[in-house]
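In the numbering used here, the protein residues as written are -2 to 517. Below is one structure, written out as structure tokens; comments come after it.
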């Protein structure tokens, strides 16, 4: 049963099972670490339940991160859990604890599926590293905020189902910062398939242009495949709460509404995008290049209108998505050396993550949200001030490379990453792509190594996965721009912590390597 709809207080089953049986199942040492006692079974009322994930969820909410890693490795080695179950439990623990309302918390949530995907690319001995790293971050934040005993998500009584105009009512409740009303409205779709739940909240997601609205929703949909459809509502509920929380902050500070609330309905009406039949015309590479330039160079209003006009002309969704993605990639490649950090919450990383989220979500959407999502995506990218620099690598960067051998180019790229030489890293991967474009996997494997070991200001896992997805989706003429961008971002991130202090690896990474018995 989806815990968000469960009308039975959480872990009432413990009252019947008893703490003795629980201690026997977990082991005395772990039960002691968790603080379980004879009182344990009776003190958790009015909380969500997660069925087979409950014990792991409790571990992730109660244990300090160092002890969590030790116990998770022990459970992995004994075969009592696996990486997928650990990821599911972490997602549920995060959602219940933070409810989409903690910056580090929702960044950890967005990193979970990317970390699990990264694990599948690694040899068995190292496969747990990316997952353990993100779980360390997840639990560390729970402990730092002292949220292990505070649950944001609680069971909801479903008062009404099949609410007419639900999507609009949910959007309006969000605009007014009415958390309880929004929660109750969204509870009405608790029993429908995940795609329908997504549709119910898309108008709310489209109602502002904060990147986290988009990426949290996209990654939450991916997490449903890991946690199971029974917990889909819990995953998506935190996205609704994020939007309402953001609106509450806006209202408290007296900030104006986002202009997208005027722009989007105007463009939908002007170009009749809700009534025309969408086209599938491929306009060719030159058109995609030109449209990407328009989105990059123009302001957000002109960028979003250019996309609306293209859709009205019958240009395919895929071609438009390519153009938006390439415009966002230009924010990475054209950022000048005067702003050294291209990793983390940089315009290019945020823009590319947003474009990727919408590219994926429109595949699940009806016509209204296909066109709305792409218009919002273009608006988001267009709002960044364009950098007036030639894209990396420029000729000067390329001339520093004295080899055309693929293996040597990878070695040079790694040296550049470890010395934070963004220009040389971009040049080496650009030339690798020209020489061996049919073999991108060695480049991804190199970047994966550092996506795991570095923090990337909380963005390394999801941006790595974004680039993998964009590389696969983008037309062949432009694929390698994404890998060149990843090389530059990877070189930017190496050795820096969240505060841009040099000389740090990702928290928990070295400890995880030691416990797994692999080289740091």
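The beta-carbon is built from N, C-alpha and C at its ideal position, and this holds for glycine as well.
Determine the extent of the alpha helix (DSSP H) in which residue i is found, giving its start and end residues.
{"i": "residue 293", "result": "282 to 294"}
{"i": "residue 342", "result": "No alpha helix (DSSP H) holds residue 342; DSSP gives it neither H nor E."}
{"i": "residue 371", "result": "364 to 379"}
{"i": "residue 136", "result": "126 to 141"}
{"i": "residue 169", "result": "163 to 172"}
{"i": "residue 82", "result": "80 to 95"}
{"i": "residue 420", "result": "419 to 432"}
{"i": "residue 258", "result": "257 to 267"}
{"i": "residue 244", "result": "229 to 250"}
{"i": "residue 184", "result": "176 to 184"}
{"i": "residue 64", "result": "62 to 75"}
In whole angstroms, what separates the C-alpha of residue i from that of residue j?
{"i": "residue 233", "j": "residue 301", "result": "27 angstroms"}
{"i": "residue 499", "j": "residue 247", "result": "34 angstroms"}
{"i": "residue 386", "j": "residue 174", "result": "41 angstroms"}
{"i": "residue 404", "j": "residue 151", "result": "54 angstroms"}
{"i": "residue 439", "j": "residue 430", "result": "11 angstroms"}
{"i": "residue 208", "j": "residue 349", "result": "10 angstroms"}
{"i": "residue 376", "j": "residue 312", "result": "18 angstroms"}
{"i": "residue 268", "j": "residue 506", "result": "51 angstroms"}
{"i": "residue 368", "j": "residue 270", "result": "7 angstroms"}
{"i": "residue 518", "j": "residue 230", "result": "In the structure displayed, the chain extends from -2 to 517; residue 518 sits before or after that span and is not available."}
{"i": "residue 509", "j": "residue 275", "result": "50 angstroms"}
{"i": "residue 99", "j": "residue 517", "result": "30 angstroms"}
{"i": "residue 216", "j": "residue 101", "result": "15 angstroms"}
{"i": "residue 226", "j": "residue 191", "result": "7 angstroms"}
{"i": "residue 515", "j": "residue 122", "result": "7 angstroms"}
{"i": "residue 62", "j": "residue 95", "result": "17 angstroms"}
{"i": "residue 68", "j": "residue 338", "result": "36 angstroms"}
{"i": "residue 39", "j": "residue 137", "result": "Any reading at residue 39 must be qualified, since the residue scores a pLDDT of 33, below 50, and its modelled position is unreliable; no value is offered."}
{"i": "residue 134", "j": "residue 392", "result": "40 angstroms"}
{"i": "residue 384", "j": "residue 346", "result": "14 angstroms"}
{"i": "residue 357", "j": "residue 450", "result": "27 angstroms"}
{"i": "residue 0", "j": "residue 305", "result": "A caution first: residue 0 carries a pLDDT of 39, below 50, which makes its placement in the model unreliable, though a value can still be read off. Residue 0 and residue 305: Cα-Cα distance of roughly 40 angstroms."}
{"i": "residue 281", "j": "residue 472", "result": "10 angstroms"}
{"i": "residue 415", "j": "residue 109", "result": "26 angstroms"}
Pop quiz: residue i and residue j are said to be a contact at Cβ under 8 angstroms. What is the actual Cβ separation, rounded to whole angstroms?
{"i": "residue 353", "j": "residue 203", "result": "That pair is no contact at about 16 angstroms."}
{"i": "residue 423", "j": "residue 389", "result": "4 angstroms"}
{"i": "residue 124", "j": "residue 220", "result": "Not a contact, Cβ separation roughly 19 angstroms."}
{"i": "residue 131", "j": "residue 340", "result": "Contact flag wrong, Cβ pair sits at about 17 angstroms."}
{"i": "residue 298", "j": "residue 260", "result": "6 angstroms"}
Could you name the residues that DSSP lists as bridge partners for residue i?
{"i": "residue 493", "result": "499"}
{"i": "residue 206", "result": "According to DSSP, residue 206 bridges with nothing at all."}
{"i": "residue 312", "result": "278"}
Does the distance from the CB of residue i to the CB of residue j come in under 8 angstroms?
{"i": "residue 113", "j": "residue 81", "result": "yes"}
{"i": "residue 106", "j": "residue 182", "result": "no"}
{"i": "residue 117", "j": "residue 157", "result": "no"}
{"i": "residue 421", "j": "residue 394", "result": "yes"}
{"i": "residue 44", "j": "residue 148", "result": "yes"}
{"i": "residue 480", "j": "residue 426", "result": "yes"}
{"i": "residue 115", "j": "residue 448", "result": "yes"}
{"i": "residue 237", "j": "residue 187", "result": "no"}
{"i": "residue 488", "j": "residue 419", "result": "yes"}
{"i": "residue 86", "j": "residue 126", "result": "no"}
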